[in-house]
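Q: Just so we're on the same page, the working numbering is the position in the sequence shown counted from 1, plus 1.
For glycine and all other residues, C-beta sits at the position ideal for the given N, C-alpha and C.
Please see the structure below; I have some questions.
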Amino acid sequence: EEARFAESQVIDLAVRSNVIIDAIDARGLYTAAMTAGDDTRGRNPSKVSDYRRSSMTAAEQAMGELADGTGGRFFHNSNDLEAGFKAVTAAPEVVYMLELPLDGVKANGSYHRLEVKVDREGMEVQARRGYFMPKPEQRKK
């Protein structure tokens, strides 16, 4: 949860500063399966694959969250880096900025999920998945 709070703060700062974060996962297509070169002595091969898959997914999710949360693009699951650079440097056709009233939201430091839906076919929605409502700062005596 600490990492998600820090990520939310980075996204908030970027949005307030009009910074868009684009990301390219340079790994391209990857697999988490064991290979002949992996040392499995004393290790369960399926647990090694599970750990590798979860760490790769976590890294990919962080890049995607930063891009989505700031209105940027995240290029992944492709070995075509040239297409990736073209995708992240292209200006979006249309940008809408939505504001959310925070009246009635408890300032308790918890994470609040967001979902943005559009009722038009063929539209791509890029939005934050949620935010943290910080606790009010305690006055020091």
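Going by the DSSP bridge assignment, what does residue 131 pair with across the sheet?
A: As a working mapping, residue 131 is identified with position 130 in the sequence shown. Answer is 114, bridged to residue 131.
Q: DSSP on residue 92, reduced to helix/strand/coil?
A: Translated into the one-based positions of the sequence shown, residue 92 becomes position 91. DSSP places residue 92 in coil when its eight states are reduced to three.
Q: When you compare each of 130, 132, 124 and 59 to residue 93 by their alpha carbons, which one comes out closest?
A: As a first step, residue 93 must be located in the sequence shown, where it is residue number 92. Comparing Cα positions, the closest option is 124.
Q: Between the C-alpha atoms of residue 58 and residue 30, what's the straight-line distance to the nearest angstrom?
A: Along the sequence shown, read from residue 1 onward, the residue named residue 58 stands at position 57. Along the sequence shown, read from residue 1 onward, the residue named residue 30 stands at position 29. Each residue's alpha carbon lies about 12 Å from the other.
Q: Need the endpoints of the alpha helix (DSSP H) that residue 136 sits in, please.
A: As a working note, residue 136 is residue 135 in the sequence shown. It is not in any alpha helix (DSSP H) - residue 136 carries neither H nor E in the DSSP assignment.
Q: Which first and last residues belong to the alpha helix (DSSP H) in which residue 8 is found?
A: Here residue 8 refers to the residue found at position 7 of the sequence shown. Note, residue 8: alpha helix (DSSP H), 3 to 17.
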